[in-house]
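Residues in the sequence shown are numbered from 52 upward in steps of one, following our numbering.
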Amino acid sequence: MLTFRSFVVSLLWLNLLIIPIPVLATLGEDFSPALIKKTHQLSALRVNPQNKYTVNEYAVEAGTLVREFVGPTGKVFAVIWKGPYIPDLRQLLGVHFNDYAATAAQLSRPGRHPLMLRNSQLVINAGGHLHAFSGLVYLPDQMPEGVSEDELQ
C-alpha cells in the first residue's frame, strides 16, 4: 500500500530527475576549466600527492558542492556531490545516465534506500533525503593506477 509519505518521497525523487541543477563535468569526458570559470566559481583545485589525479571543486547555484576527479589524461573519471539538491545527472553521467535510470526504476521503494550500482564499467552510490543528498559515481576502468575508491572524497 502506498502511504502518503512514500508518495511524497517518490514524487521528490522524480522531480529531482526532471528539474536538474546544472553541472559541468561529464563522466568519461574531458574536463573543461574554462567553462567552469564562466558559469561557476571554482572554489578549490587540489592535486593528489602522488600526482595521479586533480580534484576540481565548485558549488552549483543551489549550494550543492561538486568535486570532479580528473586523471592524467584530462578525462573526468569520478564525480562526487553533496548538498541540498541533486545535480543534473543527465549531464553528470553522460552516456551512463541510462544505467542509472534503469537501476533507479528497479527500486521497490524509490527514495527510501540508497541507489547502488556496481559493475566493471560503472559504480554509483547515491542517496539522501530532502535537502541532504550525496553521491559518488566513477568509472573503474578509467581510474588511475593505484587509486582506490576510498581516496575519492
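Backbone N, C-alpha and C define an ideal beta-carbon position, used for all residues, glycine too.
Nothing here was measured: the structure is a model prediction, and the numbers come from that model.
Check	Outcome
So, does the region 102-111 touch the region 163-173, judging by three or more C-beta pairs under 8 angstroms?	no
What separation, rounded to the nearest whole angstrom, lies between the Cα atoms of Tyr-189 and Ala-110?	19 angstroms
So Ala-152 is in the alpha helix (DSSP H); what residue range does that whole segment cover?	148-156
Whole angstroms are fine: how far does the CA of Lys-133 sit from the CA of Leu-116?	5 angstroms
State the beta-bridge partners of Glu-119 as determined by DSSP.	Asn-107, Val-130
For the beta strand (DSSP E) containing Leu-166, name the first residue and the last one.	166-169
Where does Leu-190 sit, in a helix, a strand or coil, going by DSSP?	coil
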